[in-house]
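Protein chains in written order, with UniProt numbering: chain A, 1 to 278; chain B, 1 to 278.
In this text, a Cβ means the ideal position worked out from N, Cα and C, and glycines have one as well.
On a predicted model such as this, the values are computed, not experimentally measured, just so you know.
Taking it in order: structure first as structure tokens, then the write-up.
Number of protein chains: 2
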Amino acid sequence: MVEPAALEAKAPESVSELIERLDGIADMLPKRLGQCAEFLRHNIHLVAVSTVADLSAGAGVQPSAFMRFCQALGFSGFSQMQALFRAEYREFRPDYAERLSQLRTRGGEGPGWLAANFAEAGHKSLVFLMNDLDSGKLAKAAELLASAGTVHLVGLRRAFAIVSYMGYLLDKMQVPTVIHRTSAQIESDHAIRPGDALFAVSFKPFSQETLSLAASVADRGIPVIGLSDTEDGPLSEAATVLLVAREVDVGAFRVPTAALTLATSLAVAVGQNRESAD
Amino acid sequence: MVEPAALEAKAPESVSELIERLDGIADMLPKRLGQCAEFLRHNIHLVAVSTVADLSAGAGVQPSAFMRFCQALGFSGFSQMQALFRAEYREFRPDYAERLSQLRTRGGEGPGWLAANFAEAGHKSLVFLMNDLDSGKLAKAAELLASAGTVHLVGLRRAFAIVSYMGYLLDKMQVPTVIHRTSAQIESDHAIRPGDALFAVSFKPFSQETLSLAASVADRGIPVIGLSDTEDGPLSEAATVLLVAREVDVGAFRVPTAALTLATSLAVAVGQNRESAD
DNA sequence: ACGGTTTTGGAAGATTTATTCTATTTTTGC
DNA sequence: GCAAAAATAGAATAAATCTTCCAAAACCGT
Chain A
1 MVEPAALEAK APESVSELIE RLDGIADMLP KRLGQCAEFL RHNIHLVAVS
51 TVADLSAGAG VQPSAFMRFC QALGFSGFSQ MQALFRAEYR EFRPDYAERL
101 SQLRTRGGEG PGWLAANFAE AGHKSLVFLM NDLDSGKLAK AAELLASAGT
151 VHLVGLRRAF AIVSYMGYLL DKMQVPTVIH RTSAQIESDH AIRPGDALFA
201 VSFKPFSQET LSLAASVADR GIPVIGLSDT EDGPLSEAAT VLLVAREVDV
251 GAFRVPTAAL TLATSLAVAV GQNRESAD
Chain B
1 MVEPAALEAK APESVSELIE RLDGIADMLP KRLGQCAEFL RHNIHLVAVS
51 TVADLSAGAG VQPSAFMRFC QALGFSGFSQ MQALFRAEYR EFRPDYAERL
101 SQLRTRGGEG PGWLAANFAE AGHKSLVFLM NDLDSGKLAK AAELLASAGT
151 VHLVGLRRAF AIVSYMGYLL DKMQVPTVIH RTSAQIESDH AIRPGDALFA
201 VSFKPFSQET LSLAASVADR GIPVIGLSDT EDGPLSEAAT VLLVAREVDV
251 GAFRVPTAAL TLATSLAVAV GQNRESAD
């Protein structure tokens, strides 16, 4: 490889910059260096805590190849690249770990300890969300809801909080929205008309009412967007698009962090889609 | 220092275990080793990405002192201790960074990008929560709610999702609970009686209805536990205990991740307090 | 204040880890 | 299919990092 001196002259100064460059040159990299790029793409977080030997082994190349890869990225060597990741790491979690471990060890019970556990579970849930998220599905869901006349929301028990927050957001963005099954049985299913869409939220153990509403609406050919904590639950049959948000439990309890994050993203996307359509 | 051979024989096998041992021996450590312990307590997250030279400099001691410190903890040396942290690091963020950066760099808009931003904001909110959390206040709040006859909840607009999830949890744990201001104005403030307690949630811009309910209840000498996104808002006057959960915004929007996590912790703590009181 | 014990600082030694070099293989252009 | 260029593997070298050692200092009980 001939290095285009002018172009690669300076090393990336942040991880984002690095990834940008990585994507830029990934296609024109020779075989072994390509392996390095591929491996890095999927294991970029390992750089901060690994040696070249580890990483090159992971990528299935010789240490020297990985070395050349670092230089192709514009670094003087591996160490300079690693320094970037270590710096970012130090910044990203100021002293959360400290706080967490203090709360965790001091006693091992009490509300503070609980909060620490829920917070840690929340972190993990968000990680899972980002790993599993199918942004194509999310985009499709946003599209369906954006083109609906009225957005109908349904979700009971633990799912109700999700639905109510989504209702709040949609209303704030002036999207016509109705939350179903709140007070008694007043809201008739017939309020959901062709041209509308239904957003149904249900987690294990599924609430029969939500499922049957989703099923009957789907039968009438109206789009149903589902949100659940599993791919293959009963919602998957009725739903045109099924979004999944797994949560990490703390004992018998959970905070629906991932679901709420996903639902909020969806609501905002719907609002933006509508706006640009006007 | 004489090492009590039998006791310190084996090295900690997890970070929690390490911290436990650290707290156990912290008091009986000589000066320099004590400095190491103190520094580690506050910068424990640095171990994964630093050298002994870095850490010993941070603690203000010689590298050899830090070395002895590691051994006092039961490790063969610094490397063994560091391996622990690196292993935990690898687990804790599987490949979230990868996912995030992919979504972040690919395009820079669309629902997937939104979700990535909200997820990142969620992480930060949880970090702030753990840093700012006053576990004494949280315990006090749990105590007040646990000793109340009926727990009354109020929160409108964006706060309603928090309140409804908390209501769900408390109900599930058989704590007598009422959510106020849902359907019309039917629920009279007079339903809140001496011996009860009110949990009021309100974020900027504050909802007048929530505030006035909280104020009138507080006037009658009934405990009010507040949850807000700021320390010095109008809720601080009425509230016996005020909990704070700051959230990181994404543009004009936010996911109430921290507030929901805090509220859930509180609800579970209340449930546990009640149970043990029965 | 003294002798024994513990702790410390600094430097020397051992080990791991990063980096470079070169012969060999693979690819590329013609 | 051949020559030139590029890329690679593996070993050799250089650098950094960890670890041990020991003389000097601080501490402690008497």
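Pull the bridge partners of residue i from the DSSP assignment, please.
i: A/V248; result: Answer is none; A/V248 lacks a bridge partner.
i: residue 321 of chain B; result: In the structure as shown, chain B begins at 1 and stops at 278. Residue 321 of chain B is therefore absent and cannot be evaluated.
i: B/F253; result: B/V250
i: B/A197; result: B/V151
Kindly indicate which three-state DSSP category residue i falls into: helix, strand or coil?
i: A/A148; result: coil
i: A/I222; result: coil
i: B/F128; result: helix
i: B/S228; result: strand
i: A/T177; result: strand
i: B/L153; result: strand
i: B/V61; result: coil
i: B/A269; result: helix
i: A/A239; result: coil
i: A/T264; result: helix
i: A/L40; result: helix
i: A/S207; result: coil
i: B/P4; result: A caution first: B/P4 carries a pLDDT of 41, below 50, which makes its placement in the model too unreliable to give a value.
i: B/D27; result: helix
i: residue 285 of chain A; result: A question about residue 285 of chain A goes unanswered here, because the residues of chain A that appear run from 1 up to 278.
i: A/I192; result: coil
i: A/L202; result: The sequence given here has Ser at residue 202 of chain A, not Leu. Correct three-state label for A/S202: coil.
i: A/G77; result: coil
i: A/D171; result: helix
i: A/S50; result: coil
i: B/L133; result: coil
i: B/P234; result: coil
i: A/G34; result: helix
i: A/G112; result: helix
Among the options, which has the Cα closest to the Cα of residue i?
i: B/V154; options: B/L138, B/L144, B/A197; result: B/A197
i: B/V241; options: B/G136, B/E209, B/M173, B/V255; result: B/G136
i: B/R157; options: A/S147, A/P223, A/D171, A/D134; result: A/D171
i: B/V217; options: B/S56, B/V151, B/Y165; result: B/V151
i: A/N117; options: A/E231, A/V250, A/V224; result: A/V250
i: B/E88; options: B/S50, B/P111, B/H45; result: B/H45
i: A/Q82; options: A/T177, A/V49, A/A65; result: A/V49
i: A/I192; options: A/S228, A/F85, A/L213; result: A/L213
i: B/E247; options: B/A239, B/E237, B/A259; result: B/A259
i: B/T264; options: A/A252, A/V178, A/S265; result: A/A252
i: B/A148; options: B/A65, B/Q71, B/G271; result: B/G271
i: B/E17; options: B/E209, B/G74, B/L211, B/T261; result: B/G74
i: A/E13; options: A/G110, A/L22, A/P63, A/L84; result: A/L84
i: A/L227; options: A/V175, A/A141, A/A115, A/T177; result: A/A141
i: B/P223; options: B/E231, B/E237, B/D232, B/A59; result: B/E237
If you count every other CB in all the chains shown that lies within 10 Å of the CB of residue i, and 16 or more means buried, which is it?
i: B/M130; result: buried
i: B/M1; result: Only weak support exists for where B/M1 lies, its pLDDT of 45 falling under 50; the coordinates are left without a value.
i: A/R254; result: buried
i: A/H190; result: exposed
i: A/H123; result: buried
i: B/P256; result: buried
i: B/S125; result: buried
i: A/D229; result: buried
i: B/M166; result: buried
i: B/H42; result: exposed
i: A/G195; result: exposed
i: A/V268; result: buried
i: A/S207; result: buried
Check whether the Cβ of residue i sits closer than 7 Å to any heavy atom of the ligand FMN, and report yes or no.
i: B/L114; result: Annotation note on the ligand FMN: not contained in the displayed structure, which lists no ligands.
Quick one: which residues of the stretch 30–46 of chain B get their C-beta closer than 8 Å to a C-beta of chain A? List them in chain order.
R41, H42, N43, I44, H45, L46
**Message:** Along the stretch 119–148 of chain A, where does the CB come closer than 7 Å to a CB of chain B? Name the residues.
**Reply:** The stretch 119–148 of chain A vs chain B, Cβ under 7 Å: A119, G122, H123, L126, V127, L129, M130, N131, L133, S135, L138, A139, A142.
Margin query: Which residues of the stretch 79–90 of chain A have a Cβ closer than 7 Å to any Cβ of chain B? Give them in chain order.
Written below: R86, Y89, R90
* What residues from the stretch 44–68 of chain B come within 7 Å of chain A, judged by C-beta to C-beta, listed N to C? -> Those residues of the stretch 44–68 of chain B that come within reach of chain A (Cβ to Cβ, closer than 7 Å) are I44, H45, L46, A48, V49.
- Query: Mind listing which residues of the stretch 153–164 of chain A have their C-beta closer than 9 Å to chain B's C-betas, in chain order?
  - Reply: Residues R157, R158, F160, A161, I162, V163, S164.
| Quick one, which residues of the stretch 218–231 of chain A are near chain B if we go by CB-CB under 8 Å, in chain order? | none
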